[in-house]
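In terms of our numbering, the sequence shown opens at residue 282 and continues consecutively.
Each residue gets a CB set at the ideal place from its N, CA and C atoms; glycine is no exception.
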Amino acid sequence: MITVGMDLEQFLEDPFGSGIQRVLQQLALHWGASDVGALFVIPDGDHFVVLDRSQAQEILSLPFTMTRSEAEERGLAAHVRDVLASLDVRHLTAAELVVSLDVWCLSEVSYLPSVLDRFEQFAEQLPTVMIGYDTLPMTQAENYRIPPWAGANASRYFRILTRASGLLCISDFARESIIERLRRDPTLPIAVAHPGGDHLDPVRSVDVTRRPGPVRFLRLGTMEARKHPQEITAAFQAVRTGGVDIELAFVGAPSTSDLGINDDIVRAARDDAALTWMTDASDADVQRLIDEADVFLSFGIEGFGIPVVEAVRRGTPVLFGGTQPAAEALVGVGAIDVGGDDVDAISCSLRDYASPSSVQTITRAVEPLLVPQWRDFAQGLQDVVAQVTRR
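Spelled out as structure tokens, the structure:
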């Protein structure tokens, strides 16, 4: 039996439900019975709290029950710690922990010095595994507001990514960027598995009937420039000015790196009631908004794009352009590449699918049951763990 320890300190410090934390939650939920077992580990002073899968599932699911504003009001981090304190857990010293493990895993992006220190210390005694998300904080640095104190630690995290014994990457794009941009040795174990979409229930059958009113487009994600919110807005405005009656809904947190983007979206929504922006949404809100939309949009650069998988899972077709690993994986089962991610390409796609009949045509092609599965992602990580123990 191989046992891997999963470092959860980053989650404990910042437990708000993001795409990466969805990965953690689903790993705990879908870690299959095999020769590779998992323990979930949190530092606690001079000792470590060790959680089993069911205990990890409980705390890792807490962020997805509320919106960001609710999380801030209720003090989500403190709530997670309170729930953790109520669990009957094991406490181990560092020496006891290392003896009980065969592999150490960092499954989140973390710039915390304590997390990075521990990874390097454990790497002296154990094989190590990481999940490779992307290199965008380096290649698209203008989209990330990394505090001055974290700059050196961010660089350190990416250096560690090149030295881990094994990597599971969330896309071919992530794998290629880690090898080419970070210059990780390609002969070291590195694999690809796509995050799943089956945390949402699939629609029982794709419904091509529509609610009354204009075709509604939905774009889900933060307002950072690499996700092209301004280009989408400009395209929408151009189509509307041309006399086409459509709606556009943005759902996602404001940009933290370029406040001008937020101002532009607010201004556009003020000038045209057909454009709306919801900055805060729970899991239930997201599913409802996907179900109410006719077409999902994803443009710009994504490390993967879990919202795209969620849209197809719920029977909503996706138009995409740019670097979109999730959408590229779903071409033919619900995602359509419009051939670009500039204003002209986006405008053409909005015009092409502004009629109910065109929407019905692409909706019929959606295959909700063919999205990636979380059990396959978990199995991918188990396979990498097993591989590094054999080297």
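From the options, pick the residue whose C-alpha is nearest to that of residue i; which is it?
{"i": "Ala358", "options": "Ser342, Val370 and His372", "result": "Ser342"}
{"i": "Arg551", "options": "Gln336, Thr670 and Leu529", "result": "Leu529"}
{"i": "Pro588", "options": "Met282, Ser299 and Glu294", "result": "Ser299"}
{"i": "Ala506", "options": "Leu481, Val496 and Asn543", "result": "Asn543"}
{"i": "Val304", "options": "Arg399, Ala376 and Ile412", "result": "Ile412"}
{"i": "Ala309", "options": "Phe658, Thr537 and Thr642", "result": "Phe658"}
{"i": "Pro344", "options": "Val576, Ser636 and Asp564", "result": "Asp564"}
{"i": "Ala549", "options": "Gly533, Gln511 and Gln663", "result": "Gln511"}
{"i": "His372", "options": "Pro637, Phe329 and Pro408", "result": "Phe329"}
Would residue i be called buried (16 or more neighbouring beta carbons within 10 Å of its own) or exposed?
{"i": "Arg594", "result": "buried"}
{"i": "Trp558", "result": "buried"}
{"i": "Gly326", "result": "exposed"}
{"i": "Glu461", "result": "exposed"}
{"i": "Gly581", "result": "buried"}
{"i": "Arg464", "result": "exposed"}
{"i": "Met282", "result": "exposed"}
{"i": "Gln406", "result": "exposed"}
{"i": "Asp316", "result": "exposed"}
{"i": "Asp526", "result": "exposed"}
{"i": "Arg645", "result": "exposed"}
{"i": "Trp430", "result": "exposed"}
{"i": "Gln605", "result": "buried"}
{"i": "Gly541", "result": "exposed"}
{"i": "Arg497", "result": "buried"}
{"i": "Glu351", "result": "exposed"}
{"i": "Gly502", "result": "buried"}
{"i": "Pro524", "result": "Per the sequence presented here, residue 524 reads as Gly, with Pro not at that position. Gly524 comes out exposed."}
I need the straight-line Cα distance from residue i to residue j, nearest angstrom please.
{"i": "Gly624", "j": "Gly603", "result": "Checking the sequence shown, residue 624 turns out to be Val, not Gly. Taking the straight line from one Cα to the other gives about 12 angstroms."}
{"i": "Phe517", "j": "Ala610", "result": "26 angstroms"}
{"i": "Ala626", "j": "Val619", "result": "7 angstroms"}
{"i": "Pro493", "j": "Glu583", "result": "33 angstroms"}
{"i": "Ser395", "j": "Glu294", "result": "11 angstroms"}
{"i": "Glu573", "j": "Lys508", "result": "22 angstroms"}
{"i": "Ala404", "j": "Glu353", "result": "35 angstroms"}
{"i": "Asp622", "j": "Asp561", "result": "25 angstroms"}
{"i": "Gln568", "j": "Arg500", "result": "13 angstroms"}
{"i": "Phe400", "j": "Ala376", "result": "14 angstroms"}
{"i": "Tyr392", "j": "Ala433", "result": "9 angstroms"}
{"i": "Glu457", "j": "Leu397", "result": "23 angstroms"}
{"i": "Leu332", "j": "Val370", "result": "6 angstroms"}
{"i": "Phe531", "j": "Glu389", "result": "27 angstroms"}
{"i": "Met504", "j": "Leu368", "result": "38 angstroms"}
{"i": "Ala607", "j": "Pro324", "result": "34 angstroms"}
**Request:** Enumerate, from N- to C-terminal direction, the unbroken alpha helix (DSSP H) stretches of 4 or more residues contained entirely within the stretch 360 to 399.
**Result:** 375 to 381
**Request:** Note down, one range per segment and in chain order, each alpha helix (DSSP H) of at least 4 residues found wholly within the stretch 548 to 610.
**Result:** Those alpha helix (DSSP H) runs which fall completely within the stretch 548 to 610 and span 4+ residues are 564 to 573, 587 to 594 and 606 to 610.
**Start-end ranges of the beta strand (DSSP E) lying completely within the stretch 474 to 535, minimum 3 residues** = Counting whole runs of 3 or more residues, the stretch 474 to 535 contains the beta strand (DSSP E) stretches 496 to 501 and 527 to 532.
**Asked** Would you call the stretch 611 to 623 and the stretch 584 to 601 in contact, with 3 or more CB pairs under 8 angstroms?
**Response** Of all C-beta pairs linking the stretch 611 to 623 to the stretch 584 to 601, three or more are shorter than 8 angstroms, placing the two stretches in contact.
**Asked** Do three or more CB pairs link the stretch 547 to 556 to the stretch 430 to 448 at distances below 8 angstroms?
**Response** no
**Asked** Quick check: the stretch 314 to 326 against the stretch 287 to 294, are there 3 or more CB pairs under 8 angstroms?
**Response** yes
**Message:** Which complete alpha helix (DSSP H) runs does the stretch 427 to 453 hold, if anything under 4 residues is left out?
**Reply:** 432 to 444
**Request:** Mind the definition here: the stretch 646 to 659 touches the stretch 459 to 477 only if three or more C-beta pairs lie below 8 angstroms; say whether that holds.
**Result:** yes
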